[in-house]
Amino acid sequence: MNHMVIKKYILACFILNICFSQNWIQSQRIEKQFKDAVSSYNSGRYAISETILNKIINSGFESFNEKSLLLLLKSQVALNKLDEAKRTAKIFFSNYPTSSFIKNAMESLGDLFVNNSNYESAYRMYSRSKNLSTENTFKDRINSKILRLIKINLSAKFIDELLIMDTDISSTNIHYLAIAYSQIMNGLPDNAALTLAKIDPSYLPDIFSNLFELLLRESYKPASSVMMVGLALPLTGSNSVSGKAFLDGFKSAQNSNKFGEKRLSILARDTRSDEIETVKIVSELESIEQLIGIVSPVDETLSLSLLSSLKGSDLPIMLTNKQNGDLSLINEKTFFLNSDFSTEGIIAAQYIVTHLGLDSIAIIAPAYKNIEIQIDAFAREVDRLGGKIVATEWYSGEPKNLKRQFSFLRQVAFRLGEKEKEYDEALGMEIDSLDALFDVSVDDFFDLPETKIKKMSSSDSSKIILNTIQAIYIPINIQDLEYIGPQIPMYNFDTKIVGNSSWKQLEILTKENIGPHLRGMSIISSTFIQNTDSIITDPEKLNHYLSGYNASKLLASINLTEISRNALNKSLSEISFFDDAGYSYTPSKINKNVNSAFQLIGFNGKAFVKEGVISTDSLSAAKLQNP
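Residue 78 in my numbering sits at position 15 of the sequence shown, with consecutive numbering throughout.
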């Protein structure tokens, strides 16, 4: 009996040992995977980290789940995966409600909300995470993030709601500071003074001291004038990325203004990238009497809805996306802050013909409706100024291969070269006498056999540098440059290249096979990238950020005799010249509702250089202004 017990005991120990070994092996494997995930995260390979961590979590081995979920959340935040990160955070909070990493998870969620321009939610998360920590280093890091959010000008109403629930003395003082900042920015120094009086400086972290002192000084100054402006933005839906970037830029410009300058009270409303919602939003904004203008970056389709819904209203509408200027015929209170396609075409023509003195011009452009409008205006203006369009070549879709278009331009250039030789020979004749001039032979009255001329092959001609086409105008879509840039050097044109804002992609132009060949090209653009506090690198997103930034700066610069819609309408049409580093505004004499000022940007092979500001009217040549 004892013998059987011993056997069973040995068997059980053996089985347990096997299980322990397997668990140990699995634990070691999971630990190695986790270390790999950490290494990938630290080296910026967030997608790899996410993949590894999902495998760990799905393995059923729970001892690493807490750490894995937190790192998964941080990886998803770094990848800006909003929905996935929210889902991971929910699982983490549900499974580990007492975890010491709760504060870190909340910080990561705050970072996620910042990335998505949800600053109020970010502020809430940062505040909650700080209240959960006793570590000074962690608190200092969170406070620096909170300070940046305060300077975005958070809603005072939102902060008031937090004050009701927050009992931490330090946090309460920070909340009051945020409210006071909002009041100062909205031209309410008296209100700010009352709010600041509630702050006990001894409970205010050192990082906020300078802002506290600044707000105290500003609270004793007279109230600055405030203009209430509505922003109709696609903050959700298909165009949400551009809408959020615009809002960030608009707020950033306001925050960069000196205290005491004119402030804009902003009412931002979400159009949801939808026509019906756009009409609804602008109608609501129009009914607010204190509102003196609407600014919107909506596309042309939504612009039609917006303008139609406000037809007959005295409310100025400022559109920041370059569109068809004829839209102002629908609503005369419409202003195009970044010009329109026709005006840009006219400006480009005047720059090439009048300023550069070039009269042999070719065009390569995408077959795109608004670009076609631009090219038509360009061609008409070239003709008016006495220049000549020698060729116009179109392309559709992705311009991966423009051999046909560029080859045709070379044929045209060869023909122009032959004509020049003929003229040179004719003009260089030596005439000994009048008799010699009219001397003829019988052969002149009969057809002579044509001399056979060997035609150049493409392989022969491609080696010859051609300069008979003096300029090539190439306005493109932003996604086209990566295809067009490498092709231009292949065709050996010694010519002036002039492009539109879509050429402002330095990472493409500075490639070795492109940059040296395009040295000296010019770009005509509504904006020049000035120094901002934005960390945006995507060129299209940055353009929307700058549109918001520049619109805000322009509005803050306007001196109104009174804060009213009519006064703003009058001022916008009568601005003589506004210039703020990388953006300028002056109404066109052709259409006072359209901005005719453009940045003239040169490319030196390595970087963009601002060469001046160029504008025009219907009668005279463009005016080049050196910075």
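Note that beta-carbon positions come from the ideal geometry of N, C-alpha and C, so glycine has one too.
- Where methionine 291 is concerned, the enclosing beta strand (DSSP E) starts and stops at 289-296.
- If you ignore the 5 residues before and after methionine 169, its C-beta comes within less than 8 Å of the C-beta of Met188, Tyr189, Arg191, Ser192 and Leu195, all in its own chain and listed in chain order.
- Proximity to glutamine 437 across Thr406, His418 and Asn613 peaks at Thr406, based on C-alpha coordinates.
- For the options Ser585, Lys314 and Phe469, the alpha carbon positioned closest to that of asparagine 667 is the one of Ser585.
- Between asparagine 401 and asparagine 658 a beta carbon distance of about 6 Å is seen, short of the 8 Å cut, so the two are scored as contacting.
- In this chain, the beta strand (DSSP E) harbouring proline 429 covers 423-429.
- Comparing C-alpha distances from glutamate 603 to each of Asn199, Val304 and Asp337 shows the shortest one belongs to Val304.
- In this structure, the straight-line span from the alpha carbon of serine 647 to that of threonine 590 is close to 8 Å.
- Assignment of phenylalanine 404 by DSSP, reduced to helix, strand and coil, places it in the helix class.
- With contacts defined by Cβ atoms closer than 8 Å, threonine 235 and asparagine 656 do not form a contacting pair.
- Check the Cα spacing between glutamate 352 and each of Leu421, Asp146, Ser627 and Gly675: the tightest is with Ser627.
- Look at valine 361 here: in three-state DSSP terms it is coil, with no helix or strand label.
- When DSSP states are grouped into helix, strand and coil, alanine 260 belongs to the coil group.
- Taking a cut-off of 8 Å on C-beta distances, the region 440-459 touches the region 422-429, as three or more cross pairs fall below it.
- Judged by DSSP secondary structure, leucine 635 falls within the alpha helix (DSSP H) whose first and last residues are 628-637.
- Using a C-beta cut-off of 8 Å, the region 552-568 makes contact with the region 522-542, since at least three inter-stretch Cβ pairs fall below that distance.
- Comparing alpha carbon positions, the residue from Gln533, Ile551 and Leu605 closest to serine 564 is Leu605.
- Per DSSP, methionine 188 is one residue of the alpha helix (DSSP H) stretching across 182-194.
- Going by beta carbons, asparagine 302 and serine 346 fall outside the 8 Å limit.
- The DSSP-derived three-state label of glycine 312 is helix.
- Per DSSP, alanine 660 lies in no alpha helix (DSSP H) and is assigned neither H nor E.
- Taking all protein chains in view, the Cβ of isoleucine 227 is surrounded by fewer than 16 other Cβ atoms within 10 Å, so the residue is classified as exposed.
- Leu259 is the residue among Tyr182, Leu259 and Asp231 whose C-alpha sits nearest the C-alpha of tyrosine 244.
- Taken atom to atom, the span from the alpha-carbon of asparagine 273 to that of serine 265 is near 14 Å.
- Within the region 91-146, the runs of alpha helix (DSSP H) that reach at least 4 residues and sit entirely inside it are, in chain order, 109-121 and 128-141.
- Here asparagine 384 is buried: its Cβ has 16 or more other Cβ atoms, across all protein chains shown, within 10 Å.
- Distance from the CA atom of lysine 130 to the CA atom of asparagine 179, rounded to whole angstroms, is 25 Å.
- Membership of serine 678 in the beta strand (DSSP E) is indicated by the continuous run 671-678.
- Looking at the DSSP output, isoleucine 535 shares a beta bridge with Ala425 and Ile560.
- Put simply, the backbone Cα of proline 549 is about 15 Å away from that of lysine 669.
- Around the beta carbon of glycine 460, a 10 Å sphere encloses fewer than 16 other beta carbons of the protein chains shown; the residue is thus reported as exposed.
- Within 10 angstroms of the beta-carbon of valine 672 lie fewer than 16 other beta-carbons, which makes it exposed.
- Only residues of its own chain outside the window of five on either side were considered, and among them Lys396, Arg628, Asn629 and Asn632 have a CB closer than 8 Å to the CB of aspartate 377, listed in chain order.
- Within the region 204-228, the complete alpha helix (DSSP H) segments at least 4 residues long are 219-228, listed from N- to C-terminus.
- For serine 585, no alpha helix (DSSP H) encloses it; the enclosing beta strand (DSSP E) starts and ends at 585-588.
- Going by DSSP, threonine 397 is part of the beta strand (DSSP E) stretching over 397-399.
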